[in-house]
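Heads up: the protein sequence lines correspond to chains A and B, in order.
The first sequence runs contiguously to residue 121 in our numbering.
The second sequence runs contiguously to residue 325 in our numbering.
Glycine is no exception: its CB is placed at the ideal position from the N, C-alpha and C atoms.
Just so you know, these numbers come straight off a predicted model, no measurement behind them.
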Amino acid sequence: AQSVTQLDSQVPVFEEAPVELRCNYSSSVSVYLFWYVQYPNQGLQLLLKYLSGSTLVKGINGFEAEFNKSQTSFHLRKPSVHISDTAEYFCAVSDQYGGATNKLIFGTGTLLAVQP
Amino acid sequence: DVKVTQSSRYLVKRTGEKVFLECVQDMDHENMFWYRQDPGLGLRLIYFSYDVKMKEKGDIPEGYSVSREKKERFSLILESASTNQTSMYLCASSRRRTSGMETQYFGPGTRLLVL
């Protein structure tokens, strides 16, 4: 069974500063990895995903994440954040042999609070 | 663009009531999912469906049932609502996985308060 750990429940950061949101996963099989973003009072939107190939994945809104198999991590980064990046960010994992249903296991989320 | 809609954004119900949450997607997706989202717990899968009339339990199915009579519609049913079912409910849909991984698309959520 897979699990996802987001150790930081909240990350405060000043506008234009860099940010890293941490995600570690546990799985006995190969996995696909995702970051979703949830803006206030909205559903989840896919930010980026790692399926295979290059371990550095670029997503929307200037975010990127790096898959590190040896450390079982998939940290999300942005070099310069904006007020509009204030949202909750969820890391998720799916095993590569999960059949036709694309089941996802989510972390508990990290609230990114960007301050002026 | 994929569109997943949920029948209500906010809902207030009384303990013991039967509650229906509706979800509709317009992209002919085979898979549909119901999650609940609680602070500090993230998203937890309640039920999912991989075809019409087909369903499987997720991680927390107790107290819930589902119905999928048409491909585009997936309903979550609280047979007898309880206060511990106060939560945000999110619906998602995706294509059937053939190779690789299909993205799940989410609706805006229904915030349910059970009094």
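Interface criterion met: the Cβ of A/LYS108 is under 8 Å from a Cβ in chain B. When DSSP states are grouped into helix, strand and coil, A/ASP90 belongs to the helix group.
Contacts with chain A at 8 Å (Cβ-Cβ) include B/THR313. Non-local C-beta neighbours of A/GLN50 in its own chain, meaning closer than 6 Å and more than five positions away in sequence, comprise VAL42, ordered along the chain.
At a beta-carbon threshold of 9 Å, none of the residues of chain A lie near B/PRO271; the nearest stands roughly 14 Å away. Assigned with DSSP and collapsed to three states, B/THR293 falls in helix.
When secondary structure is reduced to three states using DSSP, A/ASN107 falls in the coil class, being assigned neither helix nor strand.
When secondary structure is reduced to three states using DSSP, B/ILE270 falls in the coil class, being assigned neither helix nor strand. Using a Cβ-Cβ distance cut-off of 8 Å, the stretch 10 to 17 of chain A and the stretch 46 to 62 of chain A are not in contact, since fewer than three pairs of beta carbons, one from each stretch, lie closer than that value.
Any Cβ of chain A closer than 8 Å to the Cβ of B/LEU300 would place that residue at the interface, and such an atom is present. Against A/THR77, chain B offers no close residue; the least beta-carbon distance is about 18 Å (beta-carbon pairs closer than 7 Å).
Here the alpha carbons of B/ARG254 and B/SER303 stand approximately 15 Å from one another. Against chain B, a Cβ distance below 7 Å from A/TYR37 picks out MET311. DSSP places A/PRO17 inside the beta strand (DSSP E), whose first and last residues are 15 to 19. Contact between the stretch 23 to 31 of chain A and the stretch 105 to 119 of chain A is present, with at least three C-beta pairs closer than 8 Å. Judged by their CB atoms, A/HIS87 and A/GLU20 are nearer to each other than the 8 Å cut-off.
Scanning chain B for C-beta atoms nearer than 7 Å to the C-beta of A/GLN47 yields PRO318, reported in chain order.
The DSSP-derived three-state label of B/ASN241 is strand. Taking the C-beta atoms as reference points, B/GLU289 is found nearer than 8 Å to B/LYS228.
The Cβ neighbour count for B/ASN294, taken over all protein chains shown within 10 Å, is under 16; the residue is labelled exposed. Using a CB distance below 7 Å, the part of the stretch 256 to 284 of chain B facing chain A consists of PHE258 and TYR260, ordered along the chain. Counting C-beta atoms within 10 angstroms of its own C-beta, A/VAL36 has 16 or more neighbours from the protein chains shown and is therefore classed as buried.
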